[in-house]
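Residue numbers (the numbering used here), protein chains in the order written: chain A, 1 to 333; chain B, 1 to 333.
Beta carbons are placed, not taken as given, at the ideal position from N, Cα and C, and that holds for glycine.
Keep in mind that this is a model prediction, so the values were computed, not measured.
Each remark here refers to the structure printed beneath this line.
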DNA sequence: CTGAAAGCGCTTACAG
DNA sequence: CTGAAAGCGCTTACAG
């Protein structure tokens, strides 16, 4: 049916090897034969069979992406789709493909990893989260499978990763609060296990310290989850202790809950900032200022890093830091 | 490095053909050799090379998914990611893989389709939208490439598709309004080009007719876009004509805008229902009732339909209708 | 600059 | 029930 390299060779009156070389743009091919071959390719509307090429090359140019089965809540956040589009844009540039996999069962991720790697389907993996003592990372490291992690993992050794500078992003939020004259600034964070949580908390503390403001542990609450209820509870707890003039949070959902607590429990006006700039933030009352983490760029860079490794490019770094951007809205004005 | 079928054959003292047959679970293999081969497979931790298999089989078991480059707005909606997870869940069941592709440029979709199909990378495609005179559908049909469309396309001939019953879903919304005693019910819809828009409008009209309520064209506004501004404008236009007691909309974003127009332009309480049950709907004031379209199930069924076709299963239908579910909140109480 | 040959790791019709 | 052989459609070291 479809033309193969042999058909092209026949028409162009050369050997398949030569056709292959023309396609690979090998330098040692005469202009004349090159033209003849290209002519034949067009005539037959020939397209190389990627699978055959992959087999011969022992490389598929396919990247494997695991969509983690985190809480459904995360799907409210366009983070995943944005990261995925960013990855796709870069992958295309380099002639790579992306295969994704999702499962409802928490423990199937490792199974996929094994399946994809054992069967030699993909050249490398992209992980969208990293837990502490991540089984997937462990497996990939042990088997020397190339991979990149979105979000800095616990152990950075021998891993490629992309992330925001969470310390700096939170530092800047708190610094802004201080510039505006705030001194009583509370902090509401998510689960402590995440590096991201730690970094943001450090950023908060540092900004206070630098400006000579006492870090009051009672003004810091770290919740076990990124949701509204936690945000509400954290804010209530803080309000019982003292009424801050500003609150920095590590997630929009926490901020939404805090916002509700504020409106219900006090008449004071309290400035508040979120994180992740979810679409919901615009709809809050007041509209919520938030840190945009540039998820698409994270995906783009992740693909770049991984493909760079696969192509043995000389990259001097094992990670990229993607810039964040503070989106100011009513809640901090 | 990694074991191949030959290695297994050697250890089990059989031919590669036999190993292949054991893996394929061919019936005409004696129990003894089967056991020996399975033993050898375990011993070597052998896993078939999918690429080699694909080449021999002339089938990759890979499904190609095009993420359409619609307006950024659509990413606020978890629709895509939900459809994608649903697809993945079914594909896994059947040992299929899913490859996705996204591009910023509108016209690259067809390019991808061609690239993927010409290079024999994928066995079939899943399209996440269909425009009128869709170039992609046209191409796939012409080349007899198997594909399925999420959302009923204009021309149903020779295409597999999955969708909700948009007529019925909207009929039920309006019927509910009428049951609650409403008689002046307005309609705000999206772009007329979409089948979905037409079906929902028809459902609205039918419900009125069935209950003997006059269909007043001045109470129907069809906008050119699915966003808040359009919703706001549509609602203003309707309010200038007459103040309805209820409004049915074909999209949550339209409803959000309408909600704002209502709160700004009138003191009357007007019931309103959205569509798609976006995460934002909970956060409206009042929280917005909305129709959940069950996107994950749409994806699941799409994969089912396509894989059924690829496996030449006898399926009596060329489409699946996925149930919707009305989620009632304050806005219609 | 070009070709014949071997190889990538499977599957399967054919033969026994 | 099992094996030898050919084939899937490429690439590339080797030779000239």
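Start-to-end residues for the beta strand (DSSP E) that takes in residue 289 of chain B: Residue 289 of chain B: member of the beta strand (DSSP E) spanning 289 to 292, first to last residue.
C-alpha distance - residue 256 of chain B paired with residue 178 of chain B, whole-angstrom precision: Straight-line Cα distance between these residues: approximately 22 Å.
DSSP-derived helix/strand/coil call for residue 115 of chain B: For residue 115 of chain B, the secondary structure class from DSSP, reduced to helix, strand or coil, is helix.
Chain A contacts made by the stretch 45 to 56 of chain B, where a contact means CB separation under 7 Å: Residues passing the 7 Å Cβ filter: 47, 48, 49, 50, 51, 52, 54 and 55.
With 16 other Cβ atoms within 10 Å as the buried cut-off, status of residue 241 of chain A: Counting every other CB atom within 10 Å of its CB across the protein chains shown gives residue 241 of chain A a total below 16, marking it as exposed.
Chain B contact residues for residue 60 of chain A, given Cβ-Cβ distances below 8 Å: Within 8 Å Cβ-Cβ: 51.
Simplified DSSP assignment, three categories, for residue 160 of chain A: If DSSP states are grouped into helix, strand and coil, residue 160 of chain A belongs with the strands.
Residue 124 of chain B: CB within 8 Å of a non-hydrogen atom of the ligand PLP: In the structure on display, the ligand PLP does not appear, and there are no ligands present to speak of.
Distance between residue 144 of chain A and residue 307 of chain A (C-alpha atoms, nearest Å): Answer to the nearest angstrom: the Cα atoms are 15 Å apart.
Cβ-Cβ separation, residue 123 of chain A to residue 60 of chain A (assumed contact under 8 Å), whole Å: Going by Cβ atoms, the distance from residue 60 of chain A to residue 123 of chain A rounds to 6 Å, so yes, they are a contact pair.
Interface flag, residue 142 of chain A vs chain B, CB-CB below 9 Å: For residue 142 of chain A, not one C-beta of chain B is nearer than 9 Å to its own C-beta.
C-alpha distance - residue 170 of chain A paired with residue 208 of chain B, whole-angstrom precision: If you take the alpha carbons of residue 170 of chain A and residue 208 of chain B, they lie about 54 Å apart.
Status (buried if at least 16 other CB within 10 Å, exposed otherwise) for residue 211 of chain A: Counting Cβ neighbours within 10 Å, residue 211 of chain A comes out exposed, since fewer than 16 surround it.
Amino acids of chain A, ordered along the chain, whose beta-carbon sits closer than 8 Å to that of residue 121 of chain B: Taking a Cβ-Cβ cut-off of 8 Å, the neighbours of residue 121 of chain B in chain A comprise 50, 51 and 97, given in sequence order.
Complete runs of the beta strand (DSSP E) confined to the stretch 126 to 195 of chain B [at least 3 residues]: Residue ranges of uninterrupted beta strand (DSSP E) with 3 or more members, entirely inside the stretch 126 to 195 of chain B and ordered along the chain, are 147 to 150, 160 to 164 and 185 to 189.
Reduced DSSP secondary structure (H/G/I, E/B, other) of residue 325 of chain A: DSSP, read as helix, strand or coil, puts residue 325 of chain A in strand.
Near-chain B residues of the stretch 15 to 28 of chain A (beta-carbon distance less than 9 Å), N- to C-terminal order: Within the stretch 15 to 28 of chain A, no residue qualifies.
Any C-beta of chain A under 9 Å from that of residue 280 of chain B: Taking 9 Å as the threshold, the shortest C-beta distance from residue 280 of chain B to chain A falls below it.
CB contact below 9 Å: residue 285 of chain A versus chain B: Answer yes: the Cβ-Cβ gap between residue 285 of chain A and chain B drops below 9 Å somewhere.
Alpha-carbon spacing of residue 249 of chain A relative to residue 204 of chain A, whole angstroms: Rounded to the nearest angstrom, the gap between the Cα atoms of residue 249 of chain A and residue 204 of chain A is 10 Å.
Beta-carbon proximity list for residue 199 of chain A, same chain, < 7 Å, skipping 5 on both sides: For residue 199 of chain A, where only same-chain residues beyond five positions count, the Cβ hits under 7 Å are 166 and 167.
Span of the alpha helix (DSSP H), counted from its first residue to its last, around residue 255 of chain B: Unbroken alpha helix (DSSP H) run through residue 255 of chain B: 252 to 265.
Contact set between residue 118 of chain A and chain B, taken where Cβ atoms lie within less than 7 Å: Chain-order list of chain B residues neighbouring residue 118 of chain A: 47, by C-beta distance under 7 Å.
Nonlocal neighbours in the same chain, by C-beta distance under 6 Å from residue 228 of chain B, ignoring five residues either side: Leaving aside the five residues that flank residue 228 of chain B on each side, the residues in its chain whose CB is nearer than 6 Å to its CB run, in chain order, 253, 256 and 257.
Nearest-angstrom Cα separation, counted from residue 309 of chain B out to residue 314 of chain A: Going by the C-alpha atoms only, they are around 46 Å apart.
Three-way DSSP call (helix, strand, coil) for residue 332 of chain A in this model: Secondary structure of residue 332 of chain A (DSSP, three-state): helix.
For residue 220 of chain A, the three-state DSSP class (helix, strand or coil): In this structure, residue 220 of chain A counts as strand in the three-state DSSP scheme.
Nonlocal neighbours in the same chain, by C-beta distance under 7 Å from residue 279 of chain A, ignoring five residues either side: Hits under 7 Å: 78.
Residue range of the alpha helix (DSSP H) that includes residue 17 of chain A: Run containing residue 17 of chain A: 16 to 23, per the alpha helix (DSSP H) assignment.
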